[in-house]
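> Supplied in structure tokens, the structure appears directly below.
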Amino acid sequence: MKRKKIITRICAALMVVTMGVSMVSGTKVLAAEELLTAPSVDSSDEIAQQNEIEDKADAVTEENSDDSVLERENISADGVAEEVEESVNDSTKPLIQYLYVEKPNLSVGEKQKIVVSVAENTEVNGVSLIYQKEETSEILETYSVNEADGANEFDILFPNESDMGTYYIQGVKIYNGSEEIVYNFKEIGIDAKFGVEEYCETEPDAIVENADNSTAVSDEAGISVMSLDDEGNIEDNTEVEESVNKEINSENDIAVYSENTEKTAKPYVIVLDPGHGGYDGGANGNGVNEKDLTLKIAKYCKKYLEQQGNAKVYMTRNDDTYVSLAGRVDYAASVNANLFVSIHLNSGGGYGAEVYYPNSNYRSDIGSEGKTLAQSVQDELIALGIYSRGIKIRNSQDSKYPDGSTQDYYAVIQRSKRAGFPGIIIEHAFIDNSNDFSAYLNSEEKLDRLGKADANGILKYIKTGKGEWKEDTNGWKYQYVLGGYAVDKWEKIDGFWYFFDKNGYRKTGFVELGSVTYYFNDEGKMSIGWEKINNNYYYFSSSGAMQIGWVKPYDTWYYVNSEGVMQTGWLKLTEGTYYLDESGALVEGWRWIDGKCYYFKSGGSMARDTWIGDSYVDKDGVWIEGKTKNQAKWIQVGNEKWYRHADGSYTRSNWEKIDGKWYFFDQNGWLKRSCWVKPYDTWYYVDSEGVMQTGWLKLTEGTYYLDESGALVEGWRVIDGTMCYFRSGGSLRCKGVTTIMGTSGLGTTKNTVVDKLEKMYLKSGRIYPAYYSQYGGAATIREFCEIIYEEATDENVKPEVVFGQAMKETGYLQFGRDVQIEQFNFAGLGATGNGVHGNSFANIREGIRAQVQHLKAYASKDSLNHDCVDVRFGYVNRGSAPYVEWLGIKENPNKAGWAASSEYGIDLVEKYISPMYKL
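Printed below as a string of structure tokens:
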């Protein structure tokens, strides 16, 4: 049997594909203005004929006027359909019957085959196809290479890489004798594109509202099926036509009934709609077509649905057959569908699953049911691990329902709503996403899982539908929507929980299930909260379990005994004695009971033999009227003070809070005053009144800081936004820090900064070394300071830090220690003591550069702007000392730094850097 490709003749219709293509040699390039609109005569004639048909048929209004013609043909008498056909054939202008695009996408070097059919009995002397490349906006023209019975074949070869891109089929030119007529496809509802080595983004459903309008076909509409044989010849094929029509009328999908389904139970009808089919391949990716996978998923879904009771399942197609969108929904209506589920795969660069459901317009009940169904299915898909893109609606931009409200965008959804049942579109995953494909689509097992998830979601939705209560002489049973009864299980019905025994009868009264006791009222509803049963109150948790012991609904405590009965009055337990008022509520505080006054502590236990404020209760908990107690007070003995409690006791070797203030008492109970105290290895300070201090504390011997707990702080602390350093022992050593990196604080110009560096040196009274006047490249102290400025600012290091450190390390360039003047080493680099001279440099500039680089290593992680001359640069823990004060290892919280001597950096700031800011 010859390989066939089905082509359906549809007035002003198109199989829309999104793929890629290439240019053919010999193709003519057109100017944009050469592409005209479709002839107005045909359009007006057709609309006029449509209006005539409207008067004769109760047609459903759709967005596309051409589709309206087809739909009216579907529902009108045969005579009306023939009238439309005659009107078309009698037109003096040629009419486009169909457009066929062979390949959805191509590679470079492949040939695209396109067929355009013109109405029979039309005089046509030639046909050319006009198409446009999106990337360059070039409009091209190619001529028919073959014609048979009005079908004109165009072959376009794309041999070069320059041909890669997206192409839109714009229209055709028909040469009719001396007349040339141009048809713009877009003007008559056709929007076709394909690409060469390019993948075009698709709509989630691949075929949407307008596609439905343009592809709605039926026998009454005059459907004609053609095919291409292996040689590319176009031929009529009645056999193929019959196979298409047979799909809609198939009654092979008979659901399986469970054994316990009653004969009187009405079957629940589910119609599964595998998206696309036949010449409509849908989206593609990873070497597969959407139409093939959706059919497999639908078959798996059908298998699982048919295992569940009284469900009858139909499919809009069982093989690779094209069925129009209208035909799919019409078929569902013909079998009295309760649900319509369209199964699809997504494409276009995303990932995950989403479900489209009907909006709330026109039939809000169907919108609500569709939303519940969509969420139920989406939940099952998410449970497989698929990323959730949510459940969604999409509204039409222009079309309206009969009541004038905005129509749904997708054809199968709005048509299902008009037919009276909810329709949804399931976009399971992205066929062109490698991760989605490998995780969910690349094996039969994974497709089976998707089908099962769909089935579970559908069944859970159906299960929420209202079943029926059935009564017989033994009690009440509950029959499900799909048939069968609730047996030996819990069921939530209309918001209430019921339990059914092994015979299927609902339980009433107290029921023990495992170790838990429940109560079901006379209607079988499980009790929650308080329930009065035989004049006793019982409390049941939110799960229905009867409670025993203490319970606390509504912020009040109650007690129920081992039988579950709420108690009132006196309650004696091992942990204490309690009283529950007439409502069962636990009492607290003072309460008169039978003429006696008792005090119940927080938590409800009765107080015994103790003072409650100034009142006393005896060992039986009874208040003793008139009995008073001693008051706590301060007692002065000579220069000492102690605090006696009301019972005569006092605090020793500990803190006590009195009137909101903390005091410390020694081992003999005397108050400590005006001194440091050290309980728990931490120092605190109490003033002359013995009150513990917090915050800043100034004493003769120094300034201290005590944190909010009163504890003495040491080391670095940020206080009121300022970094402070406290020596061991707590005294303040410095307040604030000096950054090594950044703009100089001495001035904004080189001259200003150098002036202050020079002035600082001259103020020291030292003589600039004569050696440097002859060697090293800086004959004067000013030239020396200029080199410091240049080298420091090149690396964003402050010049005053470099200068101050050099003066500290060399004694204002007098040297005299391990480092010698001729080494040009101004910061003791490498000099570790005991006669080790350290590093030597070629001249003053190189020595200063090494010092600057070493400072930058400690203060920053930025790269150097000059070649590294500091041989010790790589040994530094970069960024460990951003502040001058941290250059001393002992004061650096990172335990790193330039020097081991105590307070090295702090001394550098105070003696060498800060004085320059005052010059």
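All letters in the sequence shown, in the order written, are residues -31 to -1, 1 to 888 by mature numbering (1 follows the signal peptide of the UniProt record, and there is no 0).
We put the CB at the ideal spot given by N, CA and C, even for glycine.
Since the structure is predicted, the reported quantities are computational estimates derived from the model, not experimental observations.
Do the CB positions of Gly244 and Ile312 come within less than 8 Å of each other?
Within the sequence shown, residue 244 is the residue found at index 275, counting from 1. Within the sequence shown, residue 312 is the residue found at index 343, counting from 1. Their beta carbons are under 8 Å apart, which means Gly244 touches Ile312 by this criterion.
> Please classify Asp377: is it buried, with 16 or more other beta-carbons within 10 angstroms of its beta-carbon, or exposed?
Sequence index remark: in the sequence shown, residue 377 carries index 408 (1-based). Looking at its Cβ environment, which holds 16 or more other Cβ atoms inside 10 Å, Asp377 is buried.
> Assuming Asn145 contacts Val238 (C-beta within less than 8 Å), just tell me the rounded distance between them.
Residue numbering aside, residue 145 sits at position 176 when the sequence shown is read from its first letter. Residue numbering aside, residue 238 sits at position 269 when the sequence shown is read from its first letter. 51 Å between Cβ atoms; not a contact.
> How many Å lie between Lys887 and Lys626 at the Cα?
In the sequence shown, residue 887 corresponds to position 918, counting from 1. In the sequence shown, residue 626 corresponds to position 657, counting from 1. Taking the straight line from one Cα to the other gives about 49 Å.
> Beta-carbon within less than 8 Å of Tyr740's beta-carbon, same chain only, minus the 5 sequence neighbours each way: which residues are those?
Taking the sequence shown and counting its residues from 1, the one referred to as residue 740 is at position 771. If we look at Tyr740 and ignore the five residues flanking it on each side, its Cβ neighbours are Ile790 and Glu791.
> Going by the CB atoms, is the gap between Leu856 and Ala868 shorter than 8 Å?
Taking the sequence shown and counting its residues from 1, one reaches residue 868 at position 899. Taking the sequence shown and counting its residues from 1, one reaches residue 856 at position 887. Cβ distance < 8 Å, so Ala868 and Leu856 count as in contact.
> What are the start and end residues of the alpha helix (DSSP H) that includes Pro391?
Taking the sequence shown and counting its residues from 1, one reaches residue 391 at position 422. Careful: Pro391 lies outside any alpha helix (DSSP H) and carries neither H nor E.
> Would you say Phe772 lies against chain E (beta-carbon separation less than 8 Å)?
Checking the listed chains, one finds no chain E in this structure; it contains a single protein chain.
> Going straight from the alpha carbon of Thr718 to that of Glu103, what length do you get?
Mapped onto the sequence shown, residue 718 falls at position 749. Mapped onto the sequence shown, residue 103 falls at position 134. Distance between the alpha carbons of Thr718 and Glu103 is about 60 Å.
> Using a threshold of 8 Å, state whether the C-beta atoms of Leu482 and Trp526 are closer than that.
To locate residue 482, count along the sequence shown from 1; it is residue 513. To locate residue 526, count along the sequence shown from 1; it is residue 557. It is not a contact, given that the beta carbons lie outside the stated cut-off.
> Express the C-alpha separation of Asp724 and Lys704 in angstroms, rounding to a whole number.
Here residue 704 corresponds to residue number 735 of the sequence shown, with the count starting at 1. Here residue 724 corresponds to residue number 755 of the sequence shown, with the count starting at 1. Near 28 Å, if we compare the C-alpha coordinates of Asp724 and Lys704.
> Helix, strand or coil for Val878 per DSSP?
Start at 1 with the first residue of the sequence shown, and residue 878 comes out as number 909. Here Val878 sits in helix by DSSP.
> Could you tell me how far apart the beta carbons of Gln347 and Ala322 are, in whole angstroms, since I believe they sit closer than 8 Å?
The residue given as residue 347 occupies position 378 in the sequence shown. The residue given as residue 322 occupies position 353 in the sequence shown. Right, their Cβ atoms sit about 7 Å apart.
> Tell me which residues share the same chain as Tyr873 and place their Cβ nearer than 6 Å to its Cβ, disregarding the 5 neighbours each side in the sequence.
Here residue 873 corresponds to residue number 904 of the sequence shown, with the count starting at 1. Answer for Tyr873: Leu856 and Gly857, listed in chain order.
> Determine, using beta carbons only, whether Tyr852 and Val706 come nearer to each other than 8 Å.
One-based indexing of the sequence shown puts residue 852 at position 883. One-based indexing of the sequence shown puts residue 706 at position 737. Going by C-beta atoms, Tyr852 is nearer than 8 Å to Val706.
> Comparing C-alpha positions only, which one of Gln277, Cys270 and Gln276 sits nearest to Met284?
Counted from its first residue, the sequence shown places residue 284 at position 315. Selected option, being the one with the closest Cα: Cys270.
> Can you list, in chain order, the residues of its chain whose CB lies under 7 Å from that of Arg297, leaving out five sequence neighbours each side?
As a working mapping, residue 297 is identified with position 328 in the sequence shown. Excluding positions up to five away in sequence, the list reads Asp242, Thr285 and Val381.
> Just to check my reading of the structure: Leu342 and Tyr467 have Cβ atoms closer than 8 Å, yes? What is that Cβ distance to the nearest angstrom?
Position 373 of the sequence shown, counted from the first residue, corresponds to residue 342. Position 498 of the sequence shown, counted from the first residue, corresponds to residue 467. With 8 Å as the limit, Leu342 and Tyr467 do not qualify as a contact, their Cβ atoms being about 24 Å apart.
> Would you kindly work out how many angstroms separate the C-alpha atoms of Tyr619 and Ser512, rounded to a whole number?
Here the question's residue 619 lines up with position 650 in the sequence shown. Here the question's residue 512 lines up with position 543 in the sequence shown. Computed Cα separation, rounded: 53 Å.
> When burial is assigned at 16 or more other CB atoms within 10 Å of the CB, is Cys837 buried or exposed?
For the purposes of this step, residue 837 is taken as the residue at position 868 of the sequence shown. Answer is exposed; the Cβ neighbour count stays below 16.
> Since Tyr827 sits in a beta bridge, which residues does DSSP pair it with?
Residue mapping note: residue 827 aligns to position 858 of the sequence shown, counting from 1. In DSSP, Tyr827 forms no bridge with anything.
> Do you know whose CA, among His835, Tyr474 and Leu451, lies nearest Ser442's CA?
For the purposes of this step, residue 442 is taken as the residue at position 473 of the sequence shown. Just to set this straight, residue 442 is Thr in the shown sequence, not Ser. The residue with the shortest Cα to Cα distance from Thr442 is Tyr474.
> State yes or no: is the C-beta of Leu540 within less than 8 Å of the C-beta of Leu549?
Taking the sequence shown and counting its residues from 1, the one referred to as residue 540 is at position 571. Taking the sequence shown and counting its residues from 1, the one referred to as residue 549 is at position 580. Cβ distance < 8 Å, so Leu540 and Leu549 count as in contact.
> Using the rule of at least 16 other Cβ atoms within 10 Å of the residue's Cβ for burial, across every protein chain shown, is Asp839 buried or exposed?
Looking up residue 839 in the sequence shown gives position 870. It counts as buried.
> Where DSSP assigns a beta bridge to Ala554, which residues make up the other side?
Here the question's residue 554 lines up with position 585 in the sequence shown. Answer by DSSP bridge pairing: none, since Ala554 is not bridged.
> Alpha carbon to alpha carbon, how far is Glu778 from Ala748? Give it in angstroms, no decimals.
On the sequence shown, residue 748 is found 779 positions in, with the first residue counted as 1. On the sequence shown, residue 778 is found 809 positions in, with the first residue counted as 1. The straight-line gap from Cα to Cα measures roughly 21 Å.
> Determine the extent of the alpha helix (DSSP H) in which Tyr144 is found, giving its start and end residues.
On the sequence shown, residue 144 is found 175 positions in, with the first residue counted as 1. Premise fails: Tyr144 lies in the beta strand (DSSP E), Gly134 to Asn145, not in any alpha helix (DSSP H).
> How is the alpha helix (DSSP H) around Gln743 delimited, first residue to last?
On the sequence shown, position 774 is the one that residue 743 refers to. Per DSSP, Gln743 belongs to the alpha helix (DSSP H) from Ala739 to Gln743.
> By Cβ distance, which residues of its chain are closer than 8 Å to Trp445, with the 5 residues on each side in sequence left out?
The residue you call residue 445 lines up with position 476 of the sequence shown. Same-chain partners within the cutoff: Trp438, Lys439, Tyr474, Arg475 and Gly493.
> Within a Cβ cutoff of 8 Å, which residues of the same chain sit near Asp417, ignoring the five residues on either side of it in sequence?
Sequence index remark: in the sequence shown, residue 417 carries index 448 (1-based). Contacts found: Tyr269.
> Output yes or no for whether 8 Å exceeds the beta carbon distance between Gly339 and Ile394.
In the sequence shown, residue 339 corresponds to position 370, counting from 1. In the sequence shown, residue 394 corresponds to position 425, counting from 1. The answer is no: Cβ separation not under 8 Å.
> Under 8 Å: do the stretch 327 to 334 and the stretch 398 to 414 share three or more Cβ pairs, one atom per stretch?
No contact exists between the stretch 327 to 334 and the stretch 398 to 414.
> Which full runs of the alpha helix (DSSP H) of 4+ residues lie inside the stretch 293 to 367, going along the chain?
Listed in chain order, they are 294 to 303 and 333 to 352.
> Using the Cα positions of Tyr300 and Gln383, report the straight-line distance between them to the nearest angstrom.
Here residue 300 is taken as the residue at index 331 of the sequence shown, counted from 1. Here residue 383 is taken as the residue at index 414 of the sequence shown, counted from 1. Whole-angstrom Cα-Cα distance: 15 Å.
> Tell me the residue span of the alpha helix (DSSP H) that contains Cys837.
Position 868 of the sequence shown, counted from the start, is the residue given in the question as residue 837. Where Cys837 is concerned, there is no enclosing alpha helix (DSSP H), given that its DSSP letter is neither H nor E.
> Going by C-alpha distance, which of Gly595, Ser832, Glu677 and Pro768 is nearest Met885?
For this step, residue 885 is matched to residue 916 along the sequence shown. With distances taken between Cα atoms, Met885 lies closest to Pro768.
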